[in-house]
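Here is the structure we will look at, set down as structure tokens.
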Amino acid sequence: MEFLAWHYSFGVNYYIESWMRQFKWIRHYFSLPLLLRTLFAPWKRMIMSDNKPGFDLNRFFQTLTFNMVSRIVGAGVRITLFFVGIVLLVVTFFAGVFGFIFWVLIPFFSWPVYTKYNKRPDIVMRDLMFKVKTTRDNPLQVLFNSEPGLFFLNHLGLSYDSLSSAITSDKLDLNNLAAKNFSDVVNWFLEKGSFEDERLRKLGLVKEDLITVAKMWDKKKEDESFLGSDELGRPSIGLEVLFGYTPTLNQYSTDLSAPQSFSHRLIGREEIVNRMYRELSVDRSIVLTGDPGVGKKTVVLEFANRAATGKFGSKMAYKRVLEFDYNFILSESMDINKKKTQLTQILDEAAYAGNIVLMIRDLHRLIHSDVEGFDFTDTFEAAMGRGELKIIAVATNVEYERFIAPNSRLRKYFERIEVTPPSKEQAYEILVEWAKTLEIKKNLIIEITALRKILNESDRYITDTPFPEKALELLDAVVTFVEESKKQVVEADDVNAVFAEKTGISLARLTSEEKTKLGDLENIIHENLVHWGFPKTSVLSDHFFSWARPESEKPKRRKYWQKFTTAARNKSFALIWRNMQGKRGLSG
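Here's what the structure looks like:
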């Protein structure tokens, strides 16, 4: 009965909305309104202009004939496509009517949709809360042995027993819990003070870890229950008939507007993407600057994706963002004139097409002779001076200041937009997003403590690469390490192992044996050294022994350990030190 009630309410609405979406898609795919508005426009923007001095009757009729034929061909193709689109709309209408009759009479057709609908987090939590409140067993155990509960435990790296030991269950009445998602459950426990900081600390966790994992499950279920988007995609037929040919450019470029497998969604850069849209809308080119690894390519990909899916309006939806690979120009021939001819041909194609935005990495290689020995400034200036060519140049801050900014002939066409590294909090969001993608691709579980350690240690020790690149690279390396180890769970210890391999810095926690050996070592040292003038302060710590162990891969650290045994005021200190080593079982 529940299924039938759903079918004749939400199920019917779902069918009608899907039916209407088909009409919109056909209209968008064939660009029907635009076909009528541009009915007599030249085919593929192919026109002939007579720019020679003087009047020549033959040239005049040749130009006139060519342009008339181009417009006639364009009109014929557009009329054909328009009627094909209309026919498809009519077919969709009648097919939708008959489909609606079957949909209503045979509810079984909606069962796959119903199954997916029931994966929504609010539906899952509704059923779970009913079980928790009506069970005769331990309600806390029912909660955390459920699908969201097991996801929660697995990603925290805990068992139910270890988690329950961290929960203060006094006066905890789950009958008062109302939750639409698992984040509500965790927040309710936190508001009740059930998770104490000290107990979580003993488990290697903080409260933010609990909230993050709960949000991960909510997002996972939202993705699994997604029933379709209103995004219509690119107007494919419109692109083919309304804009010019780019045969040469297509050979040496990659279409960034095509669907991409994004490494991570854009977080914290919305203002940069919106600014790119505003600048390109007023016929300005852009130079994106920023440190290597800061995410300049990701920003361009996000702009291209939003433009192609119509989020910047219908006009921008017809734009193609192409990444131009110019290396063939630099390598094919040593003849500078031939190189200029090839580059001019490609830039003219891009400008003539009318809907191309070129992304060019390392533009300075083409406009400064000190880099590659070539300077094509005049070629770019001629192409951009007509106002038809749009470029997104990508450069580091140093490259921009040294090579592009001093070039006044080109700088006037570009608006500089700086891409700054995301904050640590934003980098963490990006890292979590990528972790969720890797879990699906690799069939792994990545514990939240591993992600937090990746973030903190990359921030602390990796200084030559900015966020998010350094965190993402470390996560990829850890996942590869775990796969090679034939494991299914990525833990904090795996991060320690990979980080030690990459940097030589051991992040491993001290073993119980090492802690026993270290015991009261500071007191022993104080007893022997205080009368020599050493201050009564902590001179050793677990961190020191972890950092400067004799087996450290870093030679400087081994030397530091050796110096520590001899760098005292009195030679007898080394004797005392060796005596203490014998007592404590330490090796130096």
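Residue numbers (the working numbering): 1 to 588.
Glycine is no exception: its CB is placed at the ideal position from the N, C-alpha and C atoms.
Owing to the predicted nature of the structure, the values given are computational and were not obtained by experimental measurement.
Which whole runs of the alpha helix (DSSP H) in the stretch 369–396 are 4 residues long or more, in chain order?
Listed in chain order, the alpha helix (DSSP H) elements of length 4 or more contained wholly in the stretch 369–396 are 369–372 and 377–385.
Exposed or buried, what is Glu469 when buried is set at 16 or more other beta-carbons lying within 10 Å of its beta-carbon?
So Glu469 counts as buried.
Whole angstroms is fine: what's the gap from Glu240's alpha carbon to Leu227's?
Roughly 30 Å separates the two Cα atoms.
Let me check understanding here. Comparing Cα to Cα, which of Ser18, Leu128, Tyr117 and Ser146 lies closest to Gly96?
Here the closest residue by C-alpha is Ser18.
Distance between Leu190 and Asn175 (C-alpha atoms, nearest Å)
Cα to Cα, the separation comes out at about 16 Å.
For Ser146, which option in Asp173, Arg386 and Phe182 has the closest C-alpha, if you only look at C-alpha atoms?
Minimum Cα distance to Ser146 is reached at Phe182.
Does DSSP put Phe666 in a helix, a strand or coil?
Residue 666 lies beyond the range of the chain shown here (1 to 588); nothing can be said about it.
With a CB to CB cut of under 6 Å and the five nearest residues on each side skipped, what residues in its chain are close to Lys44?
Within the same chain, Lys44 has close Cβ partners Gly244 and Tyr245.
Buried versus exposed call for Ser541 [16 or more other C-beta atoms within 10 Å across all chains shown]:
Confidence at Ser541 is low in this model, with a pLDDT of 44, below 50, so its placement is unreliable and the value that follows should be read with caution. When all chains shown are included, Ser541 counts as exposed.
Please report the residue range of the beta strand (DSSP E) in which Leu347 lies.
Following the DSSP letters along the chain, one finds Leu347 in no beta strand (DSSP E) but inside the alpha helix (DSSP H) bounded by residues Ile336 to Ala353.
Do Val478 and Val498 have their C-beta atoms closer together than 7 Å?
Going by C-beta atoms, Val478 is nearer than 7 Å to Val498.
What residue ranges within the stretch 243–283 form continuous alpha helix (DSSP H) runs of no fewer than 4 residues, ordered along the chain?
Correct list: 247–251 and 270–281.
Element boundaries [alpha helix (DSSP H), containing Phe226]:
Element bounds for Phe226: n/a, residue is neither H nor E.
What residues in its chain sit with their C-beta under 6 Å from that of Ala567, if we drop five residues either side in the sequence?
Annotation note: pLDDT 45 at Ala567 (below 50); position unreliable, coordinate value reported separately. No residues qualify anywhere along the chain.
What residues in its chain sit with their C-beta under 6 Å from that of His368, if we drop five residues either side in the sequence?
Contacts found: Phe403.
Determine, using beta carbons only, whether Ser257 and Glu323 come nearer to each other than 7 Å.
In this structure, Ser257 lies away from Glu323, with their beta-carbon atoms at least 7 Å apart.
Suppose contacts are defined by Cβ-Cβ distances below 7 Å. Is Thr379 in contact with Thr344 by that definition?
It is a contact, given that the beta carbons lie within the stated cut-off.
Should Ser423 be labelled buried (16 or more other beta-carbon atoms within 10 Å of its own) or exposed?
Residue burial is scored here from C-beta neighbours: Ser423 has fewer than 16 other C-beta atoms within 10 angstroms and is therefore classed as exposed.
Would Val124 and Val132 qualify as a contact pair, given that the criterion is a beta-carbon distance under 7 Å?
Using a Cβ distance threshold of 7 Å, Val124 and Val132 do not count as a contacting pair.
Nearest CA to the CA of Gln488: which residue from Gly385, Gly373 and Leu444?
Residue Leu444 is the option with its Cα nearest to Gln488.
Other residues of its chain near Phe102: CB distance less than 8 Å, five sequence neighbours each side excluded:
Sequence-distant Cβ neighbours of Phe102 in its own chain, meaning closer than 8 Å and more than five residues away, are Phe109.
Roughly how many angstroms lie between the CA atoms of Gly99 and Asn138, to the nearest whole one?
Answer to the nearest angstrom: the Cα atoms are 48 Å apart.
Is Ser9 buried or exposed, if buried means 16 or more other CB atoms sit within 10 Å of its CB?
Within 10 angstroms of the beta-carbon of Ser9 lie fewer than 16 other beta-carbons, which makes it exposed.
Where the beta strand (DSSP E) containing Glu415 begins and where it ends:
Phe414 to Glu418 is the extent of the beta strand (DSSP E) around Glu415.
Flag this pair as yes or no: are the beta carbons of Phe30 and Gly85 separated by less than 7 Å?
Yes; because the gap between Cβ atoms is below 7 Å, this pair is in contact.
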